[in-house]
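**Student:** First, the structure itself, so that you have it in front of you.
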Amino acid sequence: MSRVVVNRDGIFVDNRATVILCGSLFYYRVPHHLWEDRMRKIKRAGYNCIDVYFPWNFHELREGEWDFSGDRDVERFLRLARQYELYVVARPGPYICGEWDGGGLPAYLHAKGIKVRDCDETFLGHVDQWYRRIVPVIAKYQLDQDGTVLAFQLENELDFYKRCEDPGRYIERLREMAEEYGITVPVFACVGNFDIERATGLAEGVMPTMNIYPDLGTPKLEARTVHYYKYMRERDYPLMVTETNRDHHLLRRLMLNGAKLLGPFNQVGGTCFGFTNAINNWGRPLSFLASDYNFGGLINGQGEVSEEFYEARLLSNFIRLFKEKLGRSRIVEKEIEFIGKDDIKSYPHMLELHDGGYVATATNYSNELESIKVKIEAETYPKNCDIELKRLKAPFLLWNTPLDFLGIEAEIVFSSLELSQHFRVNDRHVLVTYTDHVGEMQLRLPKEAVQSIRCNGRYEFEGERLIVNLSAGESCYINADRFDLTIYALTPKCAALVDQITQYGVTLTRDELVKGSRFLKPLITRYHRIPLERFCEKGCLLTTEVKRIEQYGHFRGYANYHFRFAGEGGIVGLLVNEVSDVCSVYLNDVYLGTSVVCNNHHYVSLDRQSLGNDNSLVIRTEIWGHTNFHDAALPSLHLDSLKGLSGVTVIKHQEELHGSWSDDAQTLTVHLPYAKKAGTCAFLRLSLSHRATVKVNGQEAGRFGQLNNVVGIGGHLSDGDNVIEIRTDEPGALSHLELLLGERAHLTGVNFIEEEDLEVLLNEPEQVPVGLPLSVKPGELAALTVELPQLGNRDAYLYPKGKNLKLTAFYNGRLVSRVWLDSPNRPFMVGGNPNMVYLPSHPVKSDNRAVFFVEAVNKDEGAILDDLIVSVLDS
Numbered sequence: 003m004s005r006v007v008v009n010r011d012g013i014f015v016d017n018r019a020t021v022i023l024c025g026s027l028f029y030y031r032v033p034h035h036l037w038e039d040r041m042r043k044i045k046r047a048g049y050n051c052i053d054v055y056f057p058w059n060f061h062e063l064r065e066g067e068w069d070f071s072g073d074r075d076v077e078r079f080l081r082l083a084r085q086y087e088l089y090v091v092a093r094p095g096p097y098i099c100g101e102w103d104g105g106g107l108p109a110y111l112h113a114k115g116i117k118v119r120d121c122d123e124t125f126l127g128h129v130d131q132w133y134r135r136i137v138p139v140i141a142k143y144q145l146d147q148d149g150t151v152l153a154f155q156l157e158n159e160l161d162f163y164k165r166c167e168d169p170g171r172y173i174e175r176l177r178e179m180a181e182e183y184g185i186t187v188p189v190f191a192c193v194g195n196f197d198i199e200r201a202t203g204l205a206e207g208v209m210p211t212m213n214i215y216p217d218l219g220t221p222k223l224e225a226r227t228v229h230y231y232k233y234m235r236e237r238d239y240p241l242m243v244t245e246t247n248r249d250h251h252l253l254r255r256l257m258l259n260g261a262k263l264l265g266p267f268n269q270v271g272g273t274c275f276g277f278t279n280a281i282n283n284w285g286r287p288l289s290f291l292a293s294d295y296n297f298g299g300l301i302n303g304q305g306e307v308s309e310e311f312y313e314a315r316l317l318s319n320f321i322r323l324f325k326e327k328l329g330r331s332r333i334v335e336k337e338i339e340f341i342g343k344d345d346i347k348s349y350p351h352m353l354e355l356h357d358g359g360y361v362a363t364a365t366n367y368s369n370e371l372e373s374i375k376v377k378i379e380a381e382t383y384p385k386n387c388d389i390e391l392k393r394l395k396a397p398f399l400l401w402n403t404p405l406d407f408l409g410i411e412a413e414i415v416f417s418s419l420e421l422s423q424h425f426r427v428n429d430r431h432v433l434v435t436y437t438d439h440v441g442e443m444q445l446r447l448p449k450e451a452v453q454s455i456r457c458n459g460r461y462e463f464e465g466e467r468l469i470v471n472l473s474a475g476e477s478c479y480i481n482a483d484r485f486d487l488t489i490y491a492l493t494p495k496c497a498a499l500v501d502q503i504t505q506y507g508v509t510l511t512r513d514e515l516v517k518g519s520r521f522l523k524p525l526i527t528r529y530h531r532i533p534l535e536r537f538c539e540k541g542c543l544l545t546t547e548v549k550r551i552e553q554y555g556h557f558r559g560y561a562n563y564h565f566r567f568a569g570e571g572g573i574v575g576l577l578v579n580e581v582s583d584v585c586s587v588y589l590n591d592v593y594l595g596t597s598v599v600c601n602n603h604h605y606v607s608l609d610r611q612s613l614g615n616d617n618s619l620v621i622r623t624e625i626w627g628h629t630n631f632h633d634a635a636l637p638s639l640h641l642d643s644l645k646g647l648s649g650v651t652v653i654k655h656q657e658e659l660h661g662s663w664s665d666d667a668q669t670l671t672v673h674l675p676y677a678k679k680a681g682t683c684a685f686l687r688l689s690l691s692h693r694a695t696v697k698v699n700g701q702e703a704g705r706f707g708q709l710n711n712v713v714g715i716g717g718h719l720s721d722g723d724n725v726i727e728i729r730t731d732e733p734g735a736l737s738h739l740e741l742l743l744g745e746r747a748h749l750t751g752v753n754f755i756e757e758e759d760l761e762v763l764l765n766e767p768e769q770v771p772v773g774l775p776l777s778v779k780p781g782e783l784a785a786l787t788v789e790l791p792q793l794g795n796r797d798a799y800l801y802p803k804g805k806n807l808k809l810t811a812f813y814n815g816r817l818v819s820r821v822w823l824d825s826p827n828r829p830f831m832v833g834g835n836p837n838m839v840y841l842p843s844h845p846v847k848s849d850n851r852a853v854f855f856v857e858a859v860n861k862d863e864g865a866i867l868d869d870l871i872v873s874v875l876d877s
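Adding 2 to a residue's 1-based position in the sequence shown gives its number in my numbering.
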């Protein structure tokens with residue numbers, strides 16, 4: 003039997019229930035020599051658990067090529083978690099999402115056309131190759147064996163993925179594989195879209211857990227959370243929130259609504275090193291993930307600790323103080339009324355602590371300070387002050403809570419002084435509490451049982467109660483018949499930093515982790531242009547077969563497609579077919595622009611002056627990342643989408659089409675006479691900001707959209723009259739519909755630039771001194787070297803200032819960031835600070851050299867790099 007047991011009463015480790023405070027810490031986004039630093043910090047913040055994705059494609063670099071060394075040494079990572087006594091929630095996929103390239107799925111699966119995330123034998127055969135390598139390592143470090151792995155996740159939010167035809171059997175097969183390779187701790191599948199059946203397949207032995215990302219400014223969270231709590235309890239499971247926002251006031255609310263695992267996602271930030279970024283639908287529809295991976299959590303990607311550190315300490319102190327009383331608590335029907343709140347008058351539930359006591363909270367959803375009281379069972383609290391609520395704060399309010407679990411023979415009738423820690427100093431009990439204003443603690447303690455009181459706040463006896471009111475900095479010393487008690491009231495920050503209590507008073511920790519940074523001046527030493535032919539010549543594969551980058555066996559970086567075409571025939575433009583993600587066009591060495599394209603057709607208009615008799619065309623494509631989340635809105639957001647391009651069409655005919663518009667049907671109908679001709683490709687072009695569906699002769703040919711203004715129709719046309727219908731759901735007639743006709747350009751070769759290739763190009767010797775500001779002509783490529791000898795072995799980050807530049811940054815030989823500065827064609831960037839370059843310390847190297855691959859990406863205006871600002875983290 004496992005040492006870990008989960009049931010309706012809670013999460014039990016060695017028969018002891020506890021609330022699990024679990025923050026994400028992703029080893030693959032932190033250099034391995036800094037793993038301990040991040041673990042030490044999250045442990046110091048009071049967390050007792052980390053959740054960890056294990057990205058399959060971080061370890062299988064190419065099919066059959068595996069790496070578990072250095073930053074990929076998961077066994078060392080799990081050993082460190084054991085050393086720091088951190089429980090681990092292990093999440094090896096096969097799909098992880100995680101704003102990571104492809105959600106962790108190797109892109110070769112898509113190149114082979116394998117049906118992923120389903121009970122497909124070919125896919126499961128590849129999953130088995132992954133599981134047979136990763137799962138035994140995780141199993142070795144389970145709590146049941148030699149480590150701290152508490153639970154094991156299968157898949158990730160499968161309910162969002164509507165392509166899965168058999169979720170039940172799929173999840174069942176994953177569970178069988180996990181068990182075959184040694185997993186004995188509880189196995190779960192997380193629910194992202196509130197569809198438990200699709201997320202778990204209701205597979206036997208697989209516990210559902212909830213990922214909850216609420217609107218923080220609404221009381222609806224409480225009702226929703228209690229609904230899930232009751233659902234799980236009916237099925238003999240605890241409520242485990244495996245993902246949620248990072249704010250600790252939210253974690254308090256979730257815990258007080260029955261959650262036994264609190265999983266703030268990405269609580270420890272990181273970096274997408276190399277070409278591991280993703281794209282996804284956060285831009286509604288398209289966004290690029292920044293290299294900086296930071297959602298405003300407790301610890302950012304550079305290791306800096308935020309002010310949330312204090313809130314984390316206060317929450318974790320409360321969890322440790324109440325131990326099993328919280329671990330085995332339950333939601334009960336008990337109304338708490340709010341006096342002075344306009345948005346919500348009452349709440350029907352309270353959290354009942356095991357073996358006696360209750361905890362509740364009240365949350366301010368407005369921007370103004372609220373002053374309220376609460377009423378429980380016809381009595382109003384507090385008596386002599388109000389509860390002052392800042393926006394979104396969720397104070398712990400205790401009611402009818404015996405203190406015998408601390409060895410104190412008294413009972414808290416009510417307290418808005420929030421409890422943080424309990425100490426024994428000689429024979430005296432000490433309670434550390436905190437408040438921003440004035441708090442009140444009512445103790446069930448008759449006057450005759452008290453020998454003396456010394457209080458620099460306010461106190462009074464009322465019947466069988468002692469009522470104490472304290473502001474931060476005040477204290478109350480109580481000498482009673484059966485115990486001596488000191489109550490310290492501190493500010494929240496000071497309470498979070500209490501290290502020990504002695505007979506001389508309160509000692510605050512000197513290991514405060516929230517620190518600052520300082521700036522230094524970089525030394526820019528060398529610069530050289532990289533000719534286009536130099537960038538395009540390395541390892542060129544001579545081929546006439548146009549394929550996607552992944553189908554050539556390359557999965558990250560750049561691919562340069564080389565085409566040729568004759569100049570006769572009235573050429574008006576080029577159509578780069580189904581291209582993704584970043585597309586730069588050079589015709590006869592003349593730069594025609596850079597665009598972000600989503601596996602759609604990209605049109606480039608031409609003039610006769612740019613054409614010759616025999617034309618050389620280079621299309622530089624870059625994989626920003628494979629989508630981490632499937633969305634049908636754009637072709638590049640399909641989980642199985644491939645990168646690069648499918649061809650280039652030389653457009654020789656362009657004409658505007660006219661038809662009849664129907665307001666009732668919201669449809670434009672066009673009659674197109676057409677004579678089919680071998681080698682001719684046909685497309686429709688229409689610019690609009692919303693979706694429209696194209697039908698040709700009754701068959702759907704494609705869809706227009708905000709980022710897709712060209713649809714291929716050649717395969718649907720027939721000789722003679724053709725009926726084209728374009729239907730939109732938006733009001734207003736469609737106009738400026740164009741027919742494009744052309745022929746395919748001929749591919750002559752493709753070359754690929756991955757991380758190692760790019761580093762070689764950037765470090766070639768022919769470089770010259772340069773200063774800032776630096777100007778770069780449109781379309782030019784260059785290398786810029788920056789020396790930072792002053793850094794030593796310290797962490798830092800760098801902000802480039804300028805415009806119309808895309809920068810790929812190497813630091814001490816490692817690709818650390820991709821930055822796209824302001825330009826008209828810049829994509830919507832999410833996930834962290836898009837303009838920040840992390841410069842991690844290095845355990846061996848100390849030359850501290852940053853080298854930038856510089857791309858000027860605006861055809862209409864030159865690029866400029868104005869400055870490089872470097873900030874050094876205080877150690």
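Glycine residues also receive a C-beta, built at the ideal position from the N, C-alpha and C atoms.
Go to F125, then tell me how far its alpha helix (DSSP H) extends in each direction, as first and last residue.
**Tutor:** E123 to K142
**Student:** Going by the beta-carbon positions, is the gap between N268 and Y295 smaller than 9 Å?
**Tutor:** yes
**Student:** Can you grab the Cα-Cα spacing for the pair L608 / D642, in whole Å?
**Tutor:** 33 Å
**Student:** Please list the terminal residues of the continuous alpha helix (DSSP H) segment that includes K222.
**Tutor:** K222 to E236
**Student:** Excluding sequence positions up to five away, which residues of its chain have a Cβ less than 7 Å from the Cβ of L204?
**Tutor:** G170
**Student:** Which one or two residues does DSSP pair with F324 in a beta bridge?
**Tutor:** In the DSSP output, where bridge partners are listed per residue, F324 has none listed.
**Student:** Skipping 5 residues on each side, what residues in its chain have a beta carbon closer than 6 Å to that of H35?
**Tutor:** The residues are P845.
**Student:** Ignoring anything shorter than 3 residues or poking outside the stretch 81–127, list the beta strand (DSSP E) runs there in chain order.
**Tutor:** 89–93
**Student:** Ordered along the chain, which non-local residues of its own chain (more than five positions away) have a Cβ less than 8 Å from that of V770?
**Tutor:** R528, Y529 and H530
**Student:** Using only alpha-carbon positions, find the residue among I526, S612 and S648 that is nearest to Y2.
**Tutor:** The displayed coordinates of the chain run from 3 to 877. Any statement about residue 2 would go beyond what the structure contains.
**Student:** Taking the alpha carbon of G329 as the reference point, which residue from L316, A314, R10 and N837 has its own alpha carbon closest?
**Tutor:** R10
**Student:** Roughly how many angstroms lie between the CA atoms of G569 and T651, to the nearest whole one?
**Tutor:** 13 Å
**Student:** For the beta strand (DSSP E) containing I489, list its first residue and its last residue.
**Tutor:** For I489, the uninterrupted beta strand (DSSP E) segment begins and ends at D486 to L492.
**Student:** Would you mind listing the beta strand (DSSP E) stretches within the stretch 147–175 that are 3+ residues and don't spill past its ends, in chain order?
**Tutor:** Fully enclosed beta strand (DSSP E) runs of 3 or longer: 151–155.
**Student:** Residues in the same chain with beta-carbon distance under 8 Å from E761, minus the five sequence neighbours each way, listed in chain order, please.
**Tutor:** Result list for E761: F812, G815, L817 and V853, in chain order.
**Student:** Name the two residues that bound the continuous alpha helix (DSSP H) containing W58.
**Tutor:** W58 to H61
**Student:** Using a threshold of 9 Å, state whether the C-beta atoms of I728 and T669 are closer than that.
**Tutor:** yes
**Student:** Can you confirm whether the stretch 179–187 touches the stretch 136–149 when touching is taken to mean that 3 or more C-beta pairs between the two stretches lie within less than 8 Å?
**Tutor:** These segments touch.
**Student:** DSSP puts C496 in a beta bridge; with which residues?
**Tutor:** Paired residues: none, contrary to the question.
**Student:** Buried or exposed: L544, going by 16 or more other Cβ atoms within 10 Å of its Cβ?
**Tutor:** exposed
**Student:** Does the stretch 422–440 come close enough to the stretch 494–502 that 3 or more CB-CB pairs lie under 8 Å?
**Tutor:** yes
**Student:** Quick one, are the C-beta atoms of I2 and G359 less than 9 Å apart?
**Tutor:** This structure gives no information on residue 2, because the portion of the chain shown stretches from 3 to 877.
**Student:** Contact defined as beta carbons within less than 8 Å: I believe L878 pairs with W37. What is the distance between those atoms, to the nearest angstrom?
**Tutor:** Here the chain has residues from 3 to 877 only, and residue 878 is not among them.
**Student:** Grab me the residues of A784's own chain with a C-beta within less than 7 Å of its C-beta, minus the 5 sequence neighbours each way, in chain order.
**Tutor:** Y529, H530, R531, I532, V778 and V856
**Student:** May I have a chain-ordered list of the beta strand (DSSP E) segments no shorter than 3 residues that lie completely inside the stretch 582–622?
**Tutor:** Taking only runs of at least 3 residues, the beta strand (DSSP E) segments lying wholly in the stretch 582–622 are 592–607.
**Student:** Kindly indicate the opening and closing residues of the beta strand (DSSP E) around F855.
**Tutor:** R851 to A858
**Student:** State buried or exposed for F521, treating a residue as buried only when at least 16 other CB atoms are found within 10 Å of its CB.
**Tutor:** So F521 counts as exposed.
**Student:** For Y110, which residues in the same chain have their Cβ closer than 6 Å to its Cβ, ignoring the five residues on either side in sequence?
**Tutor:** Contacts found: E65.
**Student:** Can you tell me where the beta strand (DSSP E) with E420 in it begins and where it stops?
**Tutor:** E420 to V427
**Student:** Return the CA-CA distance between D849 and L515, expressed in angstroms with no decimal places.
**Tutor:** 28 Å
**Student:** Taking only the alpha-carbon atoms, compute the straight-line gap between K803 and V872 and give it to the nearest angstrom.
**Tutor:** 11 Å
**Student:** Would Y490 be called buried (16 or more neighbouring beta carbons within 10 Å of its own) or exposed?
**Tutor:** buried
**Student:** Counting C-beta neighbours from all protein chains within 10 Å, is the total for A865 16 or more, i.e. buried, or is it exposed?
**Tutor:** buried
**Student:** Evaluate contact between the stretch 546–559 and the stretch 623–631, counting only Cβ atoms and requiring at least three cross-stretch pairs below 8 Å.
**Tutor:** yes
**Student:** In chain order, which beta strand (DSSP E) runs of at least 3 residues are fully inside the stretch 230–309?
**Tutor:** 241–246, 261–266 and 289–291
**Student:** To the nearest angstrom, report how far apart L659 and G773 are at their CA atoms.
**Tutor:** 53 Å
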